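Each residue of the sequence shown is one higher than the last, beginning at 1 in the UniProt record's numbering. Beta carbons are placed, not taken as given, at the ideal position from N, Cα and C, and that holds for glycine. All values reported here derive from a predicted model rather than from experimental measurement. Here's the structure, in structure tokens; my notes come after.
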Amino acid sequence: LGNLSAADLNAAYARAALMFWPGVNEAFGLVYLEAQAAGLPIVAQNRPGVREVLSPGPYPSVEAGPAALAKELSRQLGDREARRTEGRAAREYVAENHLLSAAVTTLRRGLASVGVH
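Here it is in structure tokens:
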């Protein structure tokens, strides 16, 4: 899609049924968080960096190879209700774990655990 403005990116997410990203060298994966925040289920491999930002779900292992990734993509595309359910869960996961408010809560808990208030 290229470089999109925030409005165009939000519109693209709104039109999408899911986010498919077979990224091999993704270190953190902001795009995964953005898509999940938009309510999209993710089809990706279970690999370091990626797994830290994905909501719980059926992510194929790297060892399972491209066929397993294709199978999950096919499952998602063939089941609209599952996409909706997993998309809602993804949005909730991001809200609970990756928004600034979640980071503030985690920081406060950590500071309180060492006696800093």
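_Please state the DSSP three-state secondary structure of Asn-3._
Sequence index remark: in the sequence shown, residue 3 carries index 3 (1-based). DSSP places Asn-3 outside both helix and strand once states are collapsed to three, so it counts as coil.
*Which stretch, first to last residue, makes up the alpha helix (DSSP H) that contains Leu-40?*
Along the sequence shown, read from residue 1 onward, the residue named residue 40 stands at position 40. Taken as a continuous stretch (DSSP letters only), Leu-40 belongs to no alpha helix (DSSP H), as it is neither H nor E.
*Return the Cβ separation of Gly-39 and Gly-87 in integer angstroms, given the expectation that the two are a contact with Cβ distance under 8 Å.*
Counted from its first residue, the sequence shown places residue 39 at position 39. Counted from its first residue, the sequence shown places residue 87 at position 87. Between Gly-39 and Gly-87, the beta carbon gap of about 4 Å places them in contact (Cβ cut-off 8 Å).
*CA-CA distance, Gly-65 and Ala-89?*
Mapped onto the sequence shown, residue 65 falls at position 65. Mapped onto the sequence shown, residue 89 falls at position 89. Their Cα atoms are separated by approximately 26 Å.
*Write down every uninterrupted run of the alpha helix (DSSP H) in the region 45-84 whose length is 4 residues or greater and which is fully enclosed by it, in chain order.*
Taken in chain order, the complete alpha helix (DSSP H) segments of 4 residues or longer contained in the region 45-84 are 65-78.
*Start and end of the alpha helix (DSSP H) containing Gly-110?*
Indexing the sequence shown from 1 puts residue 110 at position 110. 100-113 is the extent of the alpha helix (DSSP H) around Gly-110.
*What distance in whole Å lies between the Cβ atoms of Leu-73 and Val-43, which are believed to be in contact at a cut-off of 8 Å?*
Here residue 43 refers to the residue found at position 43 when the sequence shown is read from its first residue. Here residue 73 refers to the residue found at position 73 when the sequence shown is read from its first residue. About 5 Å separates the two Cβ atoms, so the contact holds.
*Can you grab the Cα-Cα spacing for the pair Tyr-93 / Gln-45, in whole Å?*
Your numbering for residue 93 matches position 93 in the sequence shown. Your numbering for residue 45 matches position 45 in the sequence shown. Tyr-93 and Gln-45: Cα-Cα distance of roughly 18 Å.
_Cβ neighbour criterion (16 or more within 10 Å) applied to Val-53_ = Counting from one through the sequence shown, the residue named residue 53 turns up at place 53. By the neighbour-count rule (16 or more Cβ atoms within 10 Å), Val-53 is buried.
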